[in-house]
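Protein chains: 2
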Amino acid sequence: MAKDDTLANQIARILADRIITGALEPGAPLRQDHVAEEFGASHVPVREAFRRLEAQGLAVSVPRRGVRVAGFSRAEVREVAEMRAALEVLALQNAAPHLTRAILDEAQEINDEGDNAPDVQAWEQANRKFHRTLLAPCGMPRLLKAIDDLQAASARFLFSGWSAEWEAPTDRDHSAILAALRAGQVDNAGLILKRHVLLGGRSPR
Amino acid sequence: MAKDDTLANQIARILADRIITGALEPGAPLRQDHVAEEFGASHVPVREAFRRLEAQGLAVSVPRRGVRVAGFSRAEVREVAEMRAALEVLALQNAAPHLTRAILDEAQEINDEGDNAPDVQAWEQANRKFHRTLLAPCGMPRLLKAIDDLQAASARFLFSGWSAEWEAPTDRDHSAILAALRAGQVDNAGLILKRHVLLGGRSPR
DNA sequence: ATAATCAAAATTATCTATAATTATGAAGGA
DNA sequence: TCCTTCATAATTATAGATAATTTTGATTAT
Numbered sequence: 000m001a002k003d004d005t006l007a008n009q010i011a012r013i014l015a016d017r018i019i020t021g022a023l024e025p026g027a028p029l030r031q032d033h034v035a036e037e038f039g040a041s042h043v044p045v046r047e048a049f050r051r052l053e054a055q056g057l058a059v060s061v062p063r064r065g066v067r068v069a070g071f072s073r074a075e076v077r078e079v080a081e082m083r084a085a086l087e088v089l090a091l092q093n094a095a096p097h098l099t100r101a102i103l104d105e106a107q108e109i110n111d112e113g114d115n116a117p118d119v120q121a122w123e124q125a126n127r128k129f130h131r132t133l134l135a136p137c138g139m140p141r142l143l144k145a146i147d148d149l150q151a152a153s154a155r156f157l158f159s160g161w162s163a164e165w166e167a168p169t170d171r172d173h174s175a176i177l178a179a180l181r182a183g184q185v186d187n188a189g190l191i192l193k194r195h196v197l198l199g200g201r202s203p204r
Numbered sequence: 000m001a002k003d004d005t006l007a008n009q010i011a012r013i014l015a016d017r018i019i020t021g022a023l024e025p026g027a028p029l030r031q032d033h034v035a036e037e038f039g040a041s042h043v044p045v046r047e048a049f050r051r052l053e054a055q056g057l058a059v060s061v062p063r064r065g066v067r068v069a070g071f072s073r074a075e076v077r078e079v080a081e082m083r084a085a086l087e088v089l090a091l092q093n094a095a096p097h098l099t100r101a102i103l104d105e106a107q108e109i110n111d112e113g114d115n116a117p118d119v120q121a122w123e124q125a126n127r128k129f130h131r132t133l134l135a136p137c138g139m140p141r142l143l144k145a146i147d148d149l150q151a152a153s154a155r156f157l158f159s160g161w162s163a164e165w166e167a168p169t170d171r172d173h174s175a176i177l178a179a180l181r182a183g184q185v186d187n188a189g190l191i192l193k194r195h196v197l198l199g200g201r202s203p204r
């Protein structure tokens, strides 16, 4: 199925998902032998998975004292939002020349899916897909990976806020971005995107 | 000396340095057993070091086929420069309110050191220190780390260009940035910084 | 002579077992 | 109550072994 099929990668993916969704809480210790046992693996690939999580900012490791799920303060959430805003705007500027009508239509569809999402997880997934669809045509893999990691960090904050009661908000920002792009107003789309990302990491709208 | 004293970290640092300076050329294979033998270590910490290099974008790993020093095309160099520009401007905006006269004076001194640098390595080191001195007061650790990694990638390109003959150029951009900051023109400083970073990854001035 | 095929070597990825260093927590004394 | 000491646990690292896969080299056939 997956071609990058190393045990360490699989473990890293699964743990990342647990951290993002909040199943593993901030500050929770990640003990290599326990994780290894759970996955029926040895400690070697587990340690490699920890390293990847560390690089993604999802875990922090103190030598000889183990690795824990990274916490996120108000300041860190703001930091991630600002980085995302800067990088997503950059990606959009570079993607704009390659955005076809078909891509914009696809983004529209994804946005509609998000509006009808039954829970936060589904909504977040659609949200991420929306952004990625618009930005991917920039053809800058390193930039896209950085944005991906930042989106994951953002999602942690989102899930921690609305865990129980929640209903899908129709996303006006997304529609406005698409409208601006269709009208060829790239700079304007960038401004809306920037504000959208910055405010997204804030209190409920 | 270093408190984060794990073998894997040490190995990663040394290998990163070799890659950045060009001692290890793009595409060169990194064989775990060879590296392990060189450092008198086992393969476990070596593999972890590889993972860190991979996350920093200095190496690429194909499962079952090993890891190689990352190549960098013209497009990738431009990508890194654009990311750096976006993030450094963001960092500068957030650092500006905390920039004291003392810090600006320190940056000035570092810049003078760079002008008198005997070789590319020394000049690059001063350059990096200059940027870091101005940006560190932003107090955004994740942002600073991302910038660090991007600067490392930039340095690779720089070293590959001017390996032999070289003489220190007096850096007008740096001076202009400092002048703008002293005059309280943060936005202007940001514009110069942006242009400076974008053009830095281009042909000789 | 060139191309295809197959065997051998090298390399990765993993596991198991073990040693050493360091942190954690509990018991006991000031 | 607070501090020291000690036992336990966890992390970090080593070593050796094994399976799978890739690469290399040699042999063979066209």
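The listed protein sequences correspond, in order, to chains A and B.
Take 0 as the starting number for the first sequence in numbering that gives the first Met the number 0 and just add one per residue.
Take 0 as the starting number for the second sequence in numbering that gives the first Met the number 0 and just add one per residue.
A virtual CB, placed ideally from N, CA and C, is assigned to each residue, including glycine.
In terms of CA proximity to Pro96 (chain A), A:Ala135 leads the group A:Ser153, A:Leu198 and A:Ala135. By the Cβ rule, the stretch 54-72 of chain B counts as touching the stretch 4-20 of chain B, because three or more pairs are nearer than 8 Å.
When 8 Å is used as the limit between beta carbons, Ala85 (chain A) is near these residues of chain B: Ala85, Leu86, Val88 and Leu89, in chain order. DSSP places Gly189 (chain A) in the uninterrupted alpha helix (DSSP H) bounded by Val185 to Gly199. The beta carbons of Gly65 (chain A) and Gly26 (chain A) sit no closer together than 7 Å.
Contact with chain B is found for Leu142 (chain A), since one of that chain's Cβ atoms lies less than 7 Å from the residue's Cβ. Within 10 angstroms of the beta-carbon of Ser72 (chain A) lie fewer than 16 other beta-carbons, which makes it exposed. Residue-level contact by beta carbon holds for Pro62 (chain B) and chain A, with a gap shorter than 7 Å.
Listed in chain order, the non-local C-beta contacts of Arg46 (chain A) below 7 Å within the same chain comprise Gln31, local neighbours out to five positions each way being set aside. Within 10 angstroms of the beta-carbon of Asp4 (chain B) lie fewer than 16 other beta-carbons, which makes it exposed. Setting aside the 5 residues that flank it on each side, Val88 (chain A) is surrounded in the same chain by Gly189, Leu192 and Lys193, each with a C-beta closer than 7 Å to its C-beta; the list follows chain order. When the beta-carbon positions are compared, His173 (chain B) and Phe129 (chain B) come within less than 7 Å of each other. Judged by DSSP secondary structure, Gly56 (chain A) falls outside any beta strand (DSSP E); it is assigned neither H nor E. By the Cβ test, the stretch 35-49 of chain A is not in contact with the stretch 132-151 of chain A, since fewer than three Cβ pairs between them sit closer than 8 Å.
Ala54 (chain B) belongs to the set of residues whose beta carbon lies under 7 Å from a beta carbon in chain A.
Gly65 (chain B) sits in a strand when the DSSP states are folded into three classes.
Bridge pairing for Leu29 (chain A): A:Val66 [DSSP]. Against chain A, the CB of Val43 (chain B) has a partner CB under 7 Å away; the residue lies at that interface. In terms of Cβ geometry, Ile176 (chain B) and Leu86 (chain B) do not form a close pair [threshold 7 Å]. For a Cβ distance threshold of 8 Å, nothing in chain A lies close to Asp32 (chain B): the least Cβ distance comes to about 15 Å. Following the DSSP letters along the chain, one finds Glu108 (chain B) inside the alpha helix (DSSP H) bounded by residues Arg100 to Asp114.
Contacts between Ala145 (chain B) and chain A, judged by CB atoms closer than 8 Å, involve Met82 and Ala145 in chain order. Ala151 (chain B) has its alpha-carbon roughly 26 Å from the corresponding atom of Asp186 (chain B). Within the stretch 121-172 of chain B, the complete alpha helix (DSSP H) segments of 4 residues or longer fall at 140-160, listed in chain order.
Exposed is the label assigned to Ala182 (chain B), since fewer than 16 other Cβ atoms lie within 10 Å of its Cβ. Using a CB distance cut-off of 7 Å, Arg67 (chain B) does not count as an interface residue toward chain A. Taking 8 Å as the upper bound for CB-CB distance, Ile109 (chain A) and Ala125 (chain A) are in contact here, some 6 Å apart. Annotated three-state conformation of Ser174 (chain A) is helix, per DSSP.
Comparing C-alpha distances from Arg100 (chain A) to each of A:Ala80, A:Glu112, A:Thr132 and A:Ala74 shows the shortest one belongs to A:Thr132.
Shown here, Glu24 (chain B) sits in coil according to DSSP, grouped into three states, outside any helix or strand.
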